[in-house]
Amino acid sequence: MLDDLVISEAIVKSFMEDFLQSIKLDVAIVGAGPAGLMAGYCLAKEGKKVAIFERKLSVGGGMWGGGMMFNKIVIQEESKRILNELGVRIKEYKKGYYLADSIEATVGLAFQAVKAGLKIFNLISVEDVMIRGEKITGLVLNWSPVQMAKLHVDPLTIGCKAAVDATGHDSELARIVEKKIGPQLKTESGGIMGEKPMWAEVGEKTIVNNTKEVYPGLYVAGMAANAVFGGPRMGPIFGGMLLSGEKVAKMILERLSSRTPE
Ligand code: 48F
Numbered sequence: 082m083l084d085d086l087v088i089s090e091a092i093v094k095s096f097m098e099d100f101l102q103s104i105k106l107d108v109a110i111v112g113a114g115p116a117g118l119m120a121g122y123c124l125a126k127e128g129k130k131v132a133i134f135e136r137k138l139s140v141g142g143g144m145w146g147g148g149m150m151f152n153k154i155v156i157q158e159e160s161k162r163i164l165n166e167l168g169v170r171i172k173e174y175k176k177g178y179y180l181a182d183s184i185e186a187t188v189g190l191a192f193q194a195v196k197a198g199l200k201i202f203n204l205i206s207v208e209d210v211m212i213r214g215e216k217i218t219g220l221v222l223n224w225s226p227v228q229m230a231k232l233h234v235d236p237l238t239i240g241c242k243a244a245v246d247a248t249g250h251d252s253e254l255a256r257i258v259e260k261k262i263g264p265q266l267k268t269e270s271g272g273i274m275g276e277k278p279m280w281a282e283v284g285e286k287t288i289v290n291n292t293k294e295v296y297p298g299l300y301v302a303g304m305a306a307n308a309v310f311g312g313p314r315m316g317p318i319f320g321g322m323l324l325s326g327e328k329v330a331k332m333i334l335e336r337l338s339s340r341t342p343e
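The numbering used here puts the first residue of the sequence shown at 82, with every later residue one more than the last.
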């Protein structure tokens, strides 16, 4: 016999345990697109306490939809090894161009990341940051339906040693920092440089270079990196997103390991 109340109790208790575990994180990632998921996968694999907060019901960001809803993605030579490691099948199309099914790539990445220990909180939007001593020390969260319904409900906060803006084209975290404290980002102008027109060849290279710390404690990865530092967009080629997620994880791991214990 199944008791409906036990089902409810199991869900509420276990969610609360997860949430309490995430009140103090090593790394908080915002956005569960390919860059955020890849960063989370790499950090979780190294045993870091890491969670992603994702506004939508689904993870995967812009990867599900392939190009113009044709659900295939293209990746290049340099990122083949990542899909191989994740167990996502790829097929050579022409020399240097590889194809994957966008659904398989999205679920494969998300599944491996969760199995590695990444905690994903969906339906939660990050609406602000906490800054102490000129450094990001935490994020301000609210339920996405609260934002959508424009309800006047105060948010809650979580703490982190490092935060990743993986919010895609909108680069929402960097934008919040710019809005709240002025042009103090580590860009040429101090503000958000803005994304440039589509150019896959250049965009895929700059996205990795632009994956950096943009304000103390805040890193940008994926499309947000090009939006903040002024690189081009690149459409349905996803290798750069994965490489950017991998790079930001590596940078944060180095930073965390060089820190004196708190
Ligand atoms: O847009 P998205 O997939 O970012 P990405 O990982 O990948 C970009 C590609 O999809 C594509 C491209 C390929 O060439 O250019 O655009 O850089 O995923 C970003 C995720 O962040 C969530 C959003 O719902 C999406 O799933 N997001 C954005 N703002 C917030 C957020 C926020 N304030 N709080 C929580 N989630």
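Idealized CB from N, CA, C, for every residue including glycine.
{"Item": "Ile184 and Trp224 closer than 8 Å at C-beta", "Value": "no"}
{"Item": "Collapsed DSSP secondary structure at Glu208 in the structure displayed", "Value": "strand"}
{"Item": "Residue-level contact to chain C via CB, Ile133, 8 Å cutoff", "Value": "Protein chains in the displayed structure number just one, and chain C is not present."}
{"Item": "Span of the alpha helix (DSSP H), counted from its first residue to its last, around Val258", "Value": "Glu253 to Ile262"}
{"Item": "Any non-hydrogen atom of the ligand 48F within 7 Å of Ala132 CB", "Value": "no"}
{"Item": "Residues near Ser169 in its chain [Cβ-Cβ closer than 6 Å; skip 5 each side]", "Value": "Here residue 169 is Val; the residue named in the question, Ser, does not match the sequence. Same-chain partners within the cutoff: Ala181, Glu185, Ala186 and Gly189."}
{"Item": "Endpoints, the alpha helix (DSSP H) within which Ala91 is located", "Value": "Asp85 to Gln102"}
{"Item": "Contact check, Val221 vs Val210, beta carbons under 8 Å", "Value": "yes"}
{"Item": "Inter-residue spacing [alpha-carbon to alpha-carbon] between Lys300 and Lys172", "Value": "Per the sequence shown, residue 300 should be read as Tyr rather than Lys. Straight-line Cα distance between these residues: approximately 33 Å."}
{"Item": "Residue ranges of each beta strand (DSSP E) within the region 147 to 179, 3 or longer", "Value": "153 to 157 and 172 to 175"}
{"Item": "Within 8 Å, strictly: CB atoms of Gly141 and Ala197", "Value": "no"}
{"Item": "C-alpha gap between Ser325 and Ala120, whole angstroms", "Value": "8 Å"}
{"Item": "Ile184 - DSSP class collapsed to helix/strand/coil", "Value": "helix"}
{"Item": "C-alpha distance - Ile273 paired with Val309, whole-angstrom precision", "Value": "5 Å"}
{"Item": "Through-space distance from Asp85 to Met97, alpha-carbon basis", "Value": "19 Å"}
{"Item": "Presumed contact (8 Å Cβ cut-off) between Leu106 and Val131, rounded CB distance", "Value": "6 Å"}
{"Item": "Nearest-angstrom Cβ-Cβ length linking Pro278 and Pro313, presumed shorter than 8 Å", "Value": "6 Å"}
{"Item": "The ligand 48F heavy atom lying under 7 Å from the CB of Glu135", "Value": "yes"}
{"Item": "Cβ neighbour criterion (16 or more within 10 Å) applied to Ser139", "Value": "exposed"}
{"Item": "Beta-carbon proximity of Val87 to Asp246, cut-off 8 Å", "Value": "no"}
{"Item": "Length of the line joining the Cα atoms of Gly311 and Leu237", "Value": "32 Å"}
{"Item": "Proximity of Leu266 and Val295 at Cβ, strictly below 8 Å", "Value": "yes"}
{"Item": "Alpha-carbon spacing of Lys293 relative to Ala306, whole angstroms", "Value": "8 Å"}
{"Item": "Extent of the continuous beta strand (DSSP E) to which Phe202 belongs", "Value": "Lys200 to Asn203"}
{"Item": "Identity of the residues DSSP links to Glu215 by a beta bridge", "Value": "None; Glu215 has no bridge partner."}
{"Item": "Collapsed DSSP secondary structure at Thr268 in the structure displayed", "Value": "coil"}
{"Item": "Boundaries (first-last residue) of the alpha helix (DSSP H) holding Thr287", "Value": "Ala281 to Asn290"}
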